[in-house]
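If you read the protein sequences in the order shown, they are chains F and L. Under UniProt numbering, the first sequence has 135 at position 135, and the numbering climbs by one with no breaks. Under UniProt numbering, the second sequence has 129 at position 129, and the numbering climbs by one with no breaks.
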Amino acid sequence: MNRIPSPRTVLMLACGLLWLVPLYLLVVNAMIPAAAYPGEPSWLPRDLALWENLRTAWQDAAIGDSFLNSLFYAVVCGAAGVVVAAMAAFAVVVLPVPKPTLWFWVIYSGTIFPLQMFLAPLFGLYADANLYDSRLGLMLIYAAWAVPFAFFLVRNQMATLPPEVTEAAMLDGATFRRLFWQIHVPLLLPGLGAAFIFQFSAVWNDLLFGITLSRSPEVQPVMAALTSLNSAYASSGPPVILAGALIVSVPTLLVFLAFRGLFLRGITASAR
Amino acid sequence: MSQTLRAPRASAPGRRSRVPLRSANSPSSHGRSLGGPLTAVPWLLPALALVGVLLVYPFLRSVYGSLFEDNGFERSFVGLDNYARLADDPIFSRSLLNTLMWVVGTLLLPVLLGLLIAVATYRMRLGGVVQLLVVLPYAISGAATAVLWNFMLTSDGAVNQVLRAVGLDSLAHPWLLEWPHNTIAMIVASTWQGTGLNVVLFAIGLRAIPRETLEAAALDGASGWRLFRHITFPQLRAVTVVVVGMAIVNSLKAFDMIWILTKGGPSRSSETLALTMYRETFRLFHVGYGSAIALVLTVIVIASAWLYLRRQMPTSARD
């Protein structure tokens, strides 16, 4: 309509730009050569050393190893957790389980409590079973951690499927395995996808399990490595640390931009 | 066989009717083809094993462990002494206060700002761009955000630099080194990260309001604050319940930001319950005492979630 933007528009655009300032500083200061950091944040890009800083963070500060670790943990444990949860949801919704509500609460209880409630006994358990500081140990807890919420999400979806779908397939003589993999899984793919993306981000972003159950760079997930980078490089200045922060943000940023719809679906369900 | 199986199902509460196969009027013939109760075991077992061994057992073990004095090597039963000690522990009181500040701060800042930005950008030219800018930090993980804000908030960081540049030297602070500035600064940092999600959720809620509702209210002469207060906001109720519920639970669990920015310091002044539990258990090896704190935190989380949801849910949907 009119060409002059309203005060509201101006205010909101200013707000959006204000929000962008920390991200701008992140990128600009990750570009400054680490040795030439002036001691104060720089507001203008100088000497493009982004690549060197990224490489220092990736190789010397071992973000690279833990990046690959976390990618592996997030993909494998996210997927395993979702499949295990979908199987349990299938059992509770479709199969004749006595007391389905009980099983529902047993599995779902894992999602309500703060992680602090699990940490100390898990540490003891892992120390006894030689799982402390091992990839397998982290994978097990990440998969288990993924189950409750994925179960909740998938079960709600599965319960909305018309029973005729199951009945028709049973009449045709389908086994449970066929019923699950060829009827339920394809029909529920968006819900399973939402659960997977949610768990992928949760595992990728995890810090607490990482610092509690692992120590060595070969095992540590990426957020734990970023935290040690943050304290180890504190003296030599922020460019390498910020480059590290840039690196670890890439996967979740891509996932978020690519699957925004599915992502929000997982989030909104999480609070119900 | 189907007859014996139906008995427990029939006694199930009403919510089960949402599960199609268990509704009372579904034909009984399918029960015959579904086999006995053991058919479900292999389907349920992986989930139960993972959750049982790695989540439920540690949970129960924590409850039990909180009754012991335990330094990681030897332990002795002390009953409820750990809980009694909490009452006299100044660090615990400070931690509780910080936790409360996190909850209140998260409700005031990210939730209110999120609502404000969503309403202000609703049907605005470039509104989508503003929303995207605000939600961008959400896609960055908590640890990366913390690292970035460490850079912003250190004594010679960007925030103080800006304050000095515009002549507000007196406002420049060693933000992370003094209480309560450190807790407030970290709440602001997590506001920067968390607001975007609330904006998006509120925006979804706004789009779901029927256009006719707003038009009818406008015809009746409602506008501005009155329109928002009496028409728009009540229509956002469902979204608000979700956003506020998430804000409460997540702020009670806040850990990453604080651990990276201050490690709960200096001298434990910015610890929240989540941090205090971690430090007591894994740094000071007061395992039993840490478990007691974890249980207190858990009870607070569950009680607030339950009270809040019980108040907010309409009675019909409560079951």
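No residue lacks a Cβ here, since even glycine has one placed at the ideal position from N, Cα and C. All values reported here derive from a predicted model rather than from experimental measurement.
Could you check which residue in the options has the C-alpha nearest to that of residue i?
{"i": "F:Leu-138", "options": "F:Thr-111, F:Ala-88 and F:Leu-213", "result": "F:Leu-213"}
{"i": "L:Trp-179", "options": "L:Leu-148, L:Leu-97 and L:Leu-284", "result": "L:Leu-97"}
{"i": "L:Tyr-122", "options": "L:Ala-208, L:Gly-105, L:Val-78 and L:Leu-107", "result": "L:Ala-208"}
{"i": "F:Tyr-126", "options": "L:Ala-49, L:Val-53 and L:Ala-216", "result": "L:Val-53"}
{"i": "L:Met-124", "options": "F:Leu-253, F:Ser-249 and F:Arg-8", "result": "F:Arg-8"}
{"i": "L:Ile-91", "options": "L:Lys-263, L:Arg-268 and L:Ala-203", "result": "L:Arg-268"}
{"i": "F:Phe-196", "options": "F:Asn-156, F:Arg-215, F:Ala-143 and F:Arg-177", "result": "F:Ala-143"}
{"i": "F:Ala-202", "options": "F:Thr-56, F:Trp-51, F:Ala-14 and F:Tyr-73", "result": "F:Tyr-73"}
{"i": "L:Gly-72", "options": "L:His-286, L:Leu-148 and L:Ser-291", "result": "L:His-286"}
{"i": "F:Tyr-108", "options": "L:Leu-112, L:Ala-47 and L:Leu-115", "result": "L:Ala-47"}
{"i": "L:Gly-128", "options": "L:Arg-226, L:Leu-214, L:Val-200 and L:Val-249", "result": "L:Val-200"}
Quick check: the Cα distance between residue i and residue j, rounded to an integer number of angstroms?
{"i": "L:Val-188", "j": "L:Leu-109", "result": "8 Å"}
{"i": "L:Tyr-278", "j": "F:Gln-199", "result": "23 Å"}
{"i": "L:Leu-67", "j": "F:Trp-145", "result": "26 Å"}
{"i": "F:Ala-129", "j": "F:Ala-168", "result": "47 Å"}
{"i": "F:Leu-44", "j": "F:Ala-35", "result": "17 Å"}
{"i": "F:Phe-123", "j": "F:Asn-69", "result": "20 Å"}
{"i": "L:Gly-167", "j": "L:Thr-183", "result": "25 Å"}
{"i": "F:Val-219", "j": "F:Tyr-132", "result": "10 Å"}
{"i": "F:Asn-29", "j": "L:Val-130", "result": "24 Å"}
{"i": "L:Asp-220", "j": "L:Gln-235", "result": "17 Å"}
{"i": "F:Pro-121", "j": "F:Leu-23", "result": "39 Å"}
{"i": "L:Thr-39", "j": "F:Val-97", "result": "8 Å"}
{"i": "L:Ala-120", "j": "F:Met-12", "result": "7 Å"}
{"i": "L:Val-301", "j": "F:Phe-113", "result": "7 Å"}
{"i": "L:Asp-156", "j": "F:Gly-39", "result": "8 Å"}
{"i": "L:Arg-311", "j": "L:Gly-288", "result": "34 Å"}
{"i": "L:Leu-100", "j": "L:Thr-106", "result": "10 Å"}
{"i": "L:Ser-223", "j": "F:Val-10", "result": "21 Å"}
{"i": "L:Arg-229", "j": "F:Ile-211", "result": "46 Å"}
{"i": "F:Ala-243", "j": "F:Trp-105", "result": "43 Å"}
{"i": "L:Leu-176", "j": "L:Ala-158", "result": "13 Å"}
{"i": "F:Leu-17", "j": "F:Asn-205", "result": "26 Å"}
{"i": "L:Thr-195", "j": "L:Ala-146", "result": "15 Å"}
Any beta carbon from chain L within less than 9 Å of residue i's own beta carbon?
{"i": "F:Phe-67", "result": "no"}
{"i": "F:Met-223", "result": "yes"}
{"i": "F:Thr-56", "result": "no"}
{"i": "F:Gln-59", "result": "no"}
{"i": "F:Pro-217", "result": "no"}
{"i": "F:Pro-5", "result": "yes"}
{"i": "F:Trp-204", "result": "yes"}
Determine whether the Cβ of residue i lies closer than 9 Å to any Cβ atom of chain F.
{"i": "L:Gln-161", "result": "yes"}
{"i": "L:Ser-62", "result": "yes"}
{"i": "L:Phe-202", "result": "no"}
{"i": "L:Arg-125", "result": "yes"}
{"i": "L:Met-101", "result": "no"}
{"i": "L:Gly-65", "result": "yes"}
{"i": "L:Met-186", "result": "no"}
{"i": "L:Ala-218", "result": "no"}
{"i": "L:Val-182", "result": "The sequence as given places Asn at residue 182 of chain L; Val does not occur at that position. Answer no: the Cβ-Cβ gap between L:Asn-182 and chain F never drops below 9 Å."}
What is the DSSP secondary structure of residue i, counted as helix, strand or coil?
{"i": "L:Glu-69", "result": "strand"}
{"i": "F:Arg-260", "result": "helix"}
{"i": "L:Phe-77", "result": "strand"}
{"i": "F:Ile-247", "result": "helix"}
{"i": "L:Trp-179", "result": "coil"}
{"i": "F:Val-97", "result": "coil"}
{"i": "L:Met-246", "result": "helix"}
{"i": "L:Thr-262", "result": "coil"}
{"i": "F:Ile-184", "result": "Note that residue 184 of chain F is His in the sequence shown, not Ile. In this structure, F:His-184 counts as helix in the three-state DSSP scheme."}
{"i": "F:Tyr-37", "result": "coil"}
{"i": "F:Pro-7", "result": "helix"}
{"i": "L:Met-124", "result": "coil"}
{"i": "L:Ala-24", "result": "Confidence at L:Ala-24 is low in this model, with a pLDDT of 39, below 50, so its placement is unreliable and the value that follows should be read with caution. Coil."}
{"i": "F:Leu-131", "result": "coil"}
{"i": "L:Ser-33", "result": "At L:Ser-33 the pLDDT is 48, less than 50, meaning the model places this residue with poor confidence; the figure from the coordinates comes in the next sentence. Reduced to three states, the DSSP call for L:Ser-33 is helix."}
{"i": "L:Gly-194", "result": "helix"}
{"i": "L:His-230", "result": "helix"}
{"i": "F:Gln-220", "result": "coil"}
{"i": "L:Val-166", "result": "coil"}
Using a C-beta cutoff of 9 Å, does residue i count as contacting chain A?
{"i": "L:Leu-96", "result": "Of the chains in the structure shown, none is chain A; the protein chains are F and L."}
At a cut of 8 Å, does the region 139-158 of chain F reach the region 77-96 of chain F through at least three beta carbon pairs? The region 139-158 of chain F is in contact with the region 77-96 of chain F.
Three or more C-beta pairs under 8 Å: does that hold for the region 251-260 of chain L against the region 132-143 of chain L? Here the region 251-260 of chain L lies against the region 132-143 of chain L, with 3 or more beta-carbon pairs under 8 Å apart.
Is the region 258-276 of chain L in contact with the region 288-301 of chain L, if contact means three or more CB pairs nearer than 8 Å? Contact between the region 258-276 of chain L and the region 288-301 of chain L is present, with at least three C-beta pairs closer than 8 Å.
Three or more C-beta pairs closer than 8 Å, one from the region 87-104 of chain L and one from the region 264-274 of chain L: is that the case here? The region 87-104 of chain L, when compared against the region 264-274 of chain L, does touch it at the 8 Å Cβ threshold.
Tell me whether the region 185-203 of chain F and the region 157-174 of chain F touch, counting them as touching only if at least three CB pairs, one residue from each stretch, are closer than 8 Å. By the Cβ criterion, the region 185-203 of chain F is in contact with the region 157-174 of chain F, since at least three pairs of Cβ atoms, one from each stretch, lie closer than 8 Å.
Is it the case that the region 74-90 of chain L contacts the region 302-313 of chain L, given that we only count it when at least three CB pairs across the two stretches are under 8 Å? Between the region 302-313 of chain L and the region 74-90 of chain L there are fewer than three inter-stretch CB-CB distances shorter than 8 Å, so the stretches are not counted as touching.
So, does the region 170-179 of chain F touch the region 51-70 of chain F, judging by three or more C-beta pairs under 8 Å? Contact between the region 170-179 of chain F and the region 51-70 of chain F is absent, because fewer than three Cβ pairs lie under 8 Å.
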